[in-house]
Amino acid sequence: AQSVTQLDSHVSVSEGTPVLLRCNYSSSYSPSLFWYVQHPNKGLQLLLKYTSAATLVKGINGFEAEFKKSETSFHLTKPSAHMSDAAEYFCVVSEFNAGNMLTFGGGTRLMVKP
Amino acid sequence: ETGVTQSPTHLIKTRGQQVTLRCSSQSGHNTVSWYQQALGQGPQFIFQYYREEENGRGNFPPRFSGLQFPNYSSELNVNALELDDSALYLCASSLGLAGGPSEQYFGPGTRLTVT
Chain A
56 AQSVTQLDSH
66 VSVSEGTPVL
76 LRCNYSSSYS
86 PSLFWYVQHP
96 NKGLQLLLKY
106 TSAATLVKGI
116 NGFEAEFKKS
126 ETSFHLTKPS
136 AHMSDAAEYF
146 CVVSEFNAGN
156 MLTFGGGTRL
166 MVKP
Chain B
12 ETGVTQSPTH
22 LIKTRGQQVT
32 LRCSSQSGHN
42 TVSWYQQALG
52 QGPQFIFQYY
62 REEENGRGNF
72 PPRFSGLQFP
82 NYSSELNVNA
92 LELDDSALYL
102 CASSLGLAGG
112 PSEQYFGPGT
122 RLTVT
């Protein structure tokens, strides 16, 4: 069975400072991992994905994530936060034998202070 | 390229009623998945349809049912609505491939309120 734990329900940073959103996963097989962002009253947008290629994955809007199998982690980072980054972020795991079903973490709300 | 669309955007129903939500998949996609997102939580997988057949189901009761049509659009039906069914219902489309998981593209969702 696959599962995802997002270690922080809320993260607050100042504009221009680094962002770190933490995610740990559990998977019986080699997983695919994703980060999605959800702005208020909008649908989910894919930020980046890991599918067993390079362990450091670059996404849109300056975000990146590193897959660490030994730590079962897939943390999301950005060097410098922007006000427009304020949103809900979801770490997601998927296994091929689970029929492409996505399992979401509980979400991390990122707040950016001016 | 047309993205994933859902209708209606908002819906209010009474406990015990039935509801149908609709989703049009992205052009070229043959797989549709439905998710329920309760307030303050991450989305939960309801079921998936691949080429008009159910291809996986989450931990939801049988009163949640679905259809996929030849044009790959989809419906989610919920019978005997309960208050806990109040949530944002998200549809996602993808190109199902034998090689493994593919990206899912989400629609804006339908906000269902059950009173």
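Read top to bottom, the protein sequences are chains A and B. FYI, in the numbering used here the residues of the first sequence are 56 to 169. FYI, in the numbering used here the residues of the second sequence are 12 to 126. Cβ coordinates follow ideal geometry from the N, Cα and C atoms, glycine included. Note that the structure is a prediction, hence the values are computed from the model and not measured.
_Strictly below 9 Å CB to CB, what residues from chain B border ASN116 of chain A?_
Here the question's residue 116 of chain A lines up with position 61 in the first sequence. Those within 9 Å of ASN116 of chain A in chain B number zero; the least Cβ separation is about 17 Å.
*Looking at the unbroken beta strand (DSSP E) that takes in TYR46 of chain B, where does it start and where does it end?*
Residue mapping note: residue 46 of chain B aligns to position 35 of the second sequence, counting from 1. Segment 42-48, the beta strand (DSSP E) holding TYR46 of chain B.
*Residue-chain proximity (PHE75 of chain B, chain A), Cβ-Cβ < 8 Å*: Residue numbering aside, residue 75 of chain B sits at position 64 when the second sequence is read from its first letter. Not one chain A Cβ lies under 8 Å of PHE75 of chain B.
*Range of the contiguous beta strand (DSSP E) that encloses HIS21 of chain B*: By 1-based counting over the second sequence, the position of residue 21 of chain B is 10. Boundaries of the beta strand (DSSP E) harbouring HIS21 of chain B: 21-24, taken from the DSSP string.
*What is the rounded straight-line gap between the Cα of THR20 of chain B and the Cα of ALA49 of chain B?*
Taking the first residue of the second sequence as position 1, residue 20 of chain B is located at position 9. Taking the first residue of the second sequence as position 1, residue 49 of chain B is located at position 38. Each residue's Cα considered, the two are about 16 Å apart.
*Count the other CB atoms within 10 Å of the CB of PRO169 of chain A; is the residue buried (16 or more) or exposed (fewer)?*
For this step, residue 169 of chain A is matched to residue 114 along the first sequence. The residue in question, PRO169 of chain A, is exposed, as its Cβ has fewer than 16 Cβ neighbours within 10 Å.
*Are HIS130 of chain A and LEU88 of chain A touching if we call contact CB-CB under 8 Å?*
To locate residue 130 of chain A, count along the first sequence from 1; it is residue 75. To locate residue 88 of chain A, count along the first sequence from 1; it is residue 33. The answer is no: Cβ separation not under 8 Å.
*Do GLY39 of chain B and LEU106 of chain B have their C-beta atoms closer together than 8 Å?*
Residue 39 of chain B sits at position 28 when you count from the first residue of the second sequence. Residue 106 of chain B sits at position 95 when you count from the first residue of the second sequence. Result yes, Cβ atoms of GLY39 of chain B and LEU106 of chain B sit closer than 8 Å.
*Between the Cα of PHE80 of chain B and the Cα atoms of B:THR25, B:ARG62 and B:ASN66, which residue gives the shortest distance?*
Mapped onto the second sequence, residue 80 of chain B falls at position 69. Closest option to PHE80 of chain B, Cα to Cα, is B:ARG62.
*asked:* Checking 8 Å against the spacing of the C-beta atoms, do GLN29 of chain B and VAL89 of chain B come in under that value?
replied: Taking the second sequence and counting its residues from 1, the one referred to as residue 29 of chain B is at position 18. Taking the second sequence and counting its residues from 1, the one referred to as residue 89 of chain B is at position 78. Closer than 8 Å, so yes.
*asked:* Under DSSP, the beta strand (DSSP E) around THR132 of chain A begins and ends at which residues?
replied: In the first sequence, the residue the question calls residue 132 of chain A occupies position 77. From DSSP, the beta strand (DSSP E) with THR132 of chain A extends over 128-133.
*What is the residue span of the beta strand (DSSP E) that ALA142 of chain A lies within?*
For the purposes of this step, residue 142 of chain A is taken as residue 87 along the first sequence, with counting starting at 1. Taken as a continuous stretch (DSSP letters only), the beta strand (DSSP E) holding ALA142 of chain A covers 142-149.
_Between which residues of its own chain and GLU119 of chain A is the CB-CB distance below 8 Å, once the five residues before and five after are set aside?_
For this step, residue 119 of chain A is matched to residue 64 along the first sequence. Around GLU119 of chain A: LEU103, LEU111, VAL112, LYS113, LEU131, THR132 and LYS133.
_Status (buried if at least 16 other CB within 10 Å, exposed otherwise) for GLY51 of chain B_ = Within the second sequence, numbered from 1, the residue matching residue 51 of chain B stands at position 40. Label assigned to GLY51 of chain B: exposed.
*Taking C-beta pairs closer than 8 Å, name the residues in chain A that SER105 of chain B reaches, listed in chain order.*
Within the second sequence, numbered from 1, the residue matching residue 105 of chain B stands at position 94. Within chain A, the residues near SER105 of chain B are ASN155.
*For the candidate residues A:ASN155, A:GLU126, A:SER139 and A:SER135, whose alpha-carbon lies nearest to that of SER80 of chain A?*
Numbered from 1 along the first sequence, position 25 holds the residue referred to as residue 80 of chain A. The residue asked about is misnamed: residue 80 of chain A is Tyr in this sequence, not Ser. It is A:GLU126 whose Cα lies nearest to the Cα of TYR80 of chain A.
_Below-8 Å beta-carbon distance, LYS124 of chain A vs any chain B residue_ = Position 69 of the first sequence, counted from the first residue, corresponds to residue 124 of chain A. By this cut-off, LYS124 of chain A is not an interface position.
*Would PRO95 of chain A be called buried (16 or more neighbouring beta carbons within 10 Å of its own) or exposed?*
Counting from one through the first sequence, the residue named residue 95 of chain A turns up at place 40. PRO95 of chain A comes out exposed.
_Interface positions of the region 124-140 of chain A facing chain B (Cβ-Cβ less than 9 Å), listed along the chain_ = none
_Backbone secondary structure at ASN116 of chain A - three-state DSSP_ = Taking the first residue of the first sequence as position 1, residue 116 of chain A is located at position 61. In this structure, ASN116 of chain A counts as helix in the three-state DSSP scheme.
*What are the residues of the region 87-102 of chain A that lie near chain B, defined by any Cβ-Cβ distance shorter than 9 Å?*
If the cut-off is 9 Å between Cβ atoms, the region 87-102 of chain A has SER87, PHE89, TYR91, GLN93, ASN96, LYS97, GLY98, LEU99, GLN100 and LEU101 near chain B.
_C-alpha distance - GLY162 of chain A paired with HIS65 of chain A, whole-angstrom precision_ = Against the first sequence, residue 162 of chain A aligns to sequence position 107. Against the first sequence, residue 65 of chain A aligns to sequence position 10. Using only the alpha carbons, I get a separation of about 9 Å.
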